[in-house]
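Student: Following the working numbering, the numbering of the sequence shown begins with 228 at its first residue and continues without gaps. Heads up, the beta-carbon is just placed ideally off N, CA and C, and yes, glycines get one too. Keep in mind it's a predicted model, so treat the numbers as computed, not measured. Sharing a structure, written as structure tokens. Questions coming.
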Amino acid sequence: MADKNEWGSNLSFILAMIGSAVGLGNIWRYPYVLYSNGGGAFYIPYIVAILLMGIPFLILEYGVGYNYKSSFAKAVKTINAKWEYVGWFLPVAVFMIMIYYSAILGWDGIYMILSFTKGWGADPNAFFTTTLLQSTESVSGLANFIPVIAVAMLVGWIIIWLISHRDLEKGLGKVSKILVPLLFVIMVVIVGFSLTLPGASIGLTVLFSPDWSLLGNFNIWMAAFGQIIFSLSLGMSIAFTYASYTKDDSDLITNTISIALANSLFENFAALGVFSILGYMSMQSGTAVSQLVTQGTGLVFIAYPTVFNVLGNWAYVLGPLFFITVYLAGLTSILSTIEPLSFSIQNKFGLSRSKTMTILIIVGAAISMLYATAFGGYLLGVVDTFVNQIAILMGVVIECIVFAWLFNAEKLIGFLNARSKTLKIGKWWLVIVKYILPIFITVIWIGGMIDVVSNGTFEQLVFTIISAAVLLIASLIFTVRPAKNPDWDKADERV
Numbered sequence: 228m229a230d231k232n233e234w235g236s237n238l239s240f241i242l243a244m245i246g247s248a249v250g251l252g253n254i255w256r257y258p259y260v261l262y263s264n265g266g267g268a269f270y271i272p273y274i275v276a277i278l279l280m281g282i283p284f285l286i287l288e289y290g291v292g293y294n295y296k297s298s299f300a301k302a303v304k305t306i307n308a309k310w311e312y313v314g315w316f317l318p319v320a321v322f323m324i325m326i327y328y329s330a331i332l333g334w335d336g337i338y339m340i341l342s343f344t345k346g347w348g349a350d351p352n353a354f355f356t357t358t359l360l361q362s363t364e365s366v367s368g369l370a371n372f373i374p375v376i377a378v379a380m381l382v383g384w385i386i387i388w389l390i391s392h393r394d395l396e397k398g399l400g401k402v403s404k405i406l407v408p409l410l411f412v413i414m415v416v417i418v419g420f421s422l423t424l425p426g427a428s429i430g431l432t433v434l435f436s437p438d439w440s441l442l443g444n445f446n447i448w449m450a451a452f453g454q455i456i457f458s459l460s461l462g463m464s465i466a467f468t469y470a471s472y473t474k475d476d477s478d479l480i481t482n483t484i485s486i487a488l489a490n491s492l493f494e495n496f497a498a499l500g501v502f503s504i505l506g507y508m509s510m511q512s513g514t515a516v517s518q519l520v521t522q523g524t525g526l527v528f529i530a531y532p533t534v535f536n537v538l539g540n541w542a543y544v545l546g547p548l549f550f551i552t553v554y555l556a557g558l559t560s561i562l563s564t565i566e567p568l569s570f571s572i573q574n575k576f577g578l579s580r581s582k583t584m585t586i587l588i589i590v591g592a593a594i595s596m597l598y599a600t601a602f603g604g605y606l607l608g609v610v611d612t613f614v615n616q617i618a619i620l621m622g623v624v625i626e627c628i629v630f631a632w633l634f635n636a637e638k639l640i641g642f643l644n645a646r647s648k649t650l651k652i653g654k655w656w657l658v659i660v661k662y663i664l665p666i667f668i669t670v671i672w673i674g675g676m677i678d679v680v681s682n683g684t685f686e687q688l689v690f691t692i693i694s695a696a697v698l699l700i701a702s703l704i705f706t707v708r709p710a711k712n713p714d715w716d717k718a719d720e721r722v
């Protein structure tokens, strides 16, 4: 790999990983997950998920990624050629996330413009659901194309193309250094104001009132592990790919703890603001908070516009600043999801980075137009459920087998501990990644499969099957196609 594709500093690496986590995903997804899974009771499985899976698994991904200064697909093939298919399965699954994530980015782009005039009107809920998305759960909605969403998405794809054609440090690294700290500062201001709103305590009471009975519900545990996987990008080959760019003296264990802590603090802090706003909305409208929380994506596009409506003139400054920053943080997240597949294609087929990025962006933009329809919002939820609760969960189990067993994770302990200024890992870590984690995630994965099959509508099952077919076939094509890069079979290891 060329030197220009290494991180210029350890800070760039940490901020890029944090940026991939704390973009739109934490703001629109986590508060809804927290509320709908027992409120305060959710923190028990949430903390278990961080300690049992988040930190141990991220250390594993970083360690193996650091060892193989190559793409995810090439590393898996190097470990065992029979598992190459897995090396493509995960990057393709992550690319699918990128495609539907571009729709949310497009929505945010529209709100970024609307925020200068509060163009969402007096009823942000009706505007988002009916006026903008024209949302329907009928497949016939695919015929209802929404040009403004399509244009907003295409603008996002163009920006992604421009950033992706710069080297890692000047592109993603520079963007992360500016945008991630800015997003934190603006979030502090937004949440601080939200907590002062009349009725804020109503929303916070609803959010944190624990429903302990749900702890015996399998779904709450699946939701906790799914959230940690989503927010820390576990099992997505992103952490692996980023770690392969790090320098030889990187303290990967301390980086892991820093990233996990920053991510957790950010998403829980953002939840305070969202539910303070929902409490205010509840008091003003006389509607119960439970009726205001209908979907995760709606929180950022309904709750925040609502608070900007009562900010007075400050809203014309804070509103645009908020949506611009979230938009740019979203770009950081999307750039992280294209990197694993792009790097793997470069490794195997000998294509340049710029050509590979161009092809993937054109393909992704074309497919993403499905989300620029009235059926797009519903389709996004279906694909998100499939990728995050089925495909990626399976990927985590498979990575544990390949990295912990076939690669033999024990040989990572020495060099990881030698560089660590904080936590030292040992046999306990091996027990987690070799035994506890794969068994636990397998149980959750089975539960997720049962939930989708038993509770899904006919349309959801059909589009879940279609999504699975696309993922499996695309991964097979990349696997069986002959390599054109003479270095594809050469291993490049550090440990």
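#1: Can you list, in chain order, the residues of its chain with a C-beta nearer than 7 Å to that of Ile324? Leave out the 5 residues immediately preceding and following it.
#2: Could you compute how far the alpha carbon of Met280 sits from the alpha carbon of Ser581?
#3: Rounded C-beta distance between Thr559 and Leu389? I'm assuming under 8 Å.
#4: Residue ranges of each alpha helix (DSSP H) run of no fewer than 4 residues wholly in the stretch 421-449, ordered along the chain?
#5: For Glu626, does the three-state DSSP call read helix, strand or coil?
#6: Which residues bound the alpha helix (DSSP H) around Pro258?
#7: If you drop the 5 nearest sequence neighbours on each side, which residues of the same chain put their C-beta closer than 6 Å to that of Phe343?
#8: What residues in its chain sit with their C-beta under 6 Å from that of Val260, if we drop five residues either side in the sequence?
#9: Just how far apart, CA to CA, sit Ser477 and Leu597?
#10: Report all residues from its chain with a CB closer than 7 Å to the CB of Ile625; omit the five preceding and five following residues, and keep chain order.
#11: To the nearest angstrom, report how far apart Met228 and Ile456 are at their CA atoms.
#12: On the criterion of 16 or more Cβ atoms from any shown chain inside 10 Å, does Gly333 qualify as buried, or is it exposed?
#13: Output needed for Ile306: all residues of its chain with C-beta closer than 7 Å, excluding positions within five of it in sequence on either side, in chain order.
#14: For Ala320 and Met463, I'd like the C-alpha separation in whole angstroms.
#15: Bridge partners for Thr600 per DSSP, in chain order?
#16: Less than 7 Å between C-beta atoms, sequence neighbours within five positions excluded: which residues of the same chain meet that for Asp714?
#17: Can you give me the C-alpha to C-alpha distance between Asn536 and Val544, rounded to a whole angstrom?
#18: Kindly list the residues whose CB is nearer than 6 Å to the CB of Arg646, restricted to its own chain and excluding five residues on each side of it in sequence; keep chain order.
#19: So what does DSSP say about Tyr531, is it helix, strand or coil?
#20: Just how far apart, CA to CA, sit Asn444 and Val680?
#21: Count the CB pairs spanning the stretch 280-291 and the stretch 657-670 that are closer than 8 Å, and state whether there are at least three.
#22: Among residues of its own chain, excluding the 5 on either side of Ile282, which ones have a beta-carbon nearer than 7 Å to its beta-carbon?
#23: Does the beta-carbon distance from Asn682 to Ile447 come in below 8 Å?
#24: Per DSSP, what kind of secondary structure is Tyr472 in: helix, strand or coil?
#25: How big is the Cα-Cα spacing for Phe322 and Leu568?
#26: How should Asp335 be labelled, buried or exposed, when 16 other C-beta atoms within 10 angstroms of its C-beta is the threshold for buried?
#27: Which of helix, strand or coil does DSSP assign to Ala229?
#28: When the distance is taken between beta carbons, is Leu424 closer than 8 Å to Ser503?
#29: Since Ser727 and Ser329 are thought to touch, with beta carbons under 8 Å apart, how far apart are those beta carbons, to the nearest angstrom?
#30: Using 8 Å for Cβ pairs, my map puts Phe602 next to Ser365. What's the rounded Cβ distance?
#31: Counting C-beta neighbours from all protein chains within 10 Å, is the total for Lys638 16 or more, i.e. buried, or is it exposed?
#32: Express the C-alpha separation of Ile480 and Lys231 in angstroms, rounding to a whole number.
#33: Between Ile619 and the rest of its own chain, which residues show a CB-CB distance below 7 Å, the 5 nearest in sequence each way excluded?
#34: Check whether the Cβ of Asp611 lies closer than 7 Å to any heavy atom of the ligand HEM, and answer yes or no.
#35: By how many angstroms is the C-alpha of Ile668 removed from the C-alpha of Met508?
Tutor: Here's the rundown:
#1: Within the same chain, Thr564, Val614 come within 7 Å of Ile324 by CB-CB distance, once the 5 residues on both sides are set aside.
#2: Those two C-alpha atoms are separated by around 35 Å.
#3: The pair is not a contact, with the Cβ atoms about 14 Å apart (cut-off 8 Å).
#4: Those alpha helix (DSSP H) runs which fall completely within the stretch 421-449 and span 4+ residues are 427-435.
#5: Glu626: helix per DSSP, three-state reduction.
#6: 257-263 is the extent of the alpha helix (DSSP H) around Pro258.
#7: Taking C-beta separations shorter than 6 Å and ignoring five residues to either side along the sequence, the partners of Phe343 in its chain run Pro547, following chain order.
#8: Excluding residues within five positions, the ones whose Cβ falls inside 6 Å are Ala450, Gln454.
#9: About 41 Å.
#10: Correct list, in chain order: Val313.
#11: Because Met228 sits at a pLDDT of 39, beneath the cut-off of 50, its placement in the model cannot be relied upon, and the following sentence gives the value as read from the coordinates. Answer to the nearest angstrom: the Cα atoms are 28 Å apart.
#12: It counts as buried.
#13: Excluding positions up to five away in sequence, the list reads Val629, Leu633, Phe634.
#14: If you take the alpha carbons of Ala320 and Met463, they lie about 8 Å apart.
#15: Phe372, per the DSSP bridge assignment.
#16: Within the same chain, Asp714 has no close Cβ partners at all.
#17: Rounded to whole angstroms, Asn536 to Val544 spans 12 Å at the Cα level.
#18: Taking Arg646 as the centre and dropping the five residues before and after it, the same chain places the C-beta of Asp478 closer than 6 Å to its C-beta, in chain order.
#19: In the structure shown, Tyr531 falls within a helical segment according to DSSP collapsed to helix, strand and coil.
#20: Cα to Cα, Asn444 sits roughly 18 Å from Val680.
#21: Touching, yes, given that three or more Cβ pairs across the two stretches are closer than 8 Å.
#22: Thr483, Ile484, Ala487, listed in sequence order.
#23: Not a contact, by the Cβ cut-off of 8 Å.
#24: If DSSP states are grouped into helix, strand and coil, Tyr472 belongs with coil.
#25: Computed Cα separation, rounded: 7 Å.
#26: Classification for Asp335: buried.
#27: Note on Ala229: pLDDT 39, under 50, position unreliable in the model; the coordinate value appears next. Under the three-state reduction of DSSP output, Ala229 falls in the coil class, being neither helix nor strand.
#28: Result yes, Cβ atoms of Ser503 and Leu424 sit closer than 8 Å.
#29: Because the chain in this structure spans residues 228 to 722, residue 727 falls outside the shown range and cannot be described.
#30: Ser365 and Phe602 do touch by the CB rule: their CB atoms are close to 7 Å apart, below 8 Å.
#31: Exposure of Lys638 is indicated by the presence of fewer than 16 other C-beta atoms within 10 angstroms of its C-beta.
#32: Note on Lys231: pLDDT 49, under 50, position unreliable in the model; the coordinate value appears next. C-alpha separation (whole angstroms): 24 Å.
#33: Counting only Cβ-Cβ distances below 7 Å, and skipping sequence neighbours, we find Ala320, Ile456, Gly462, Met463.
#34: This structure simply doesn't include the ligand HEM, nor any ligand for that matter.
#35: Taking the straight line joining both Cα atoms gives about 38 Å.
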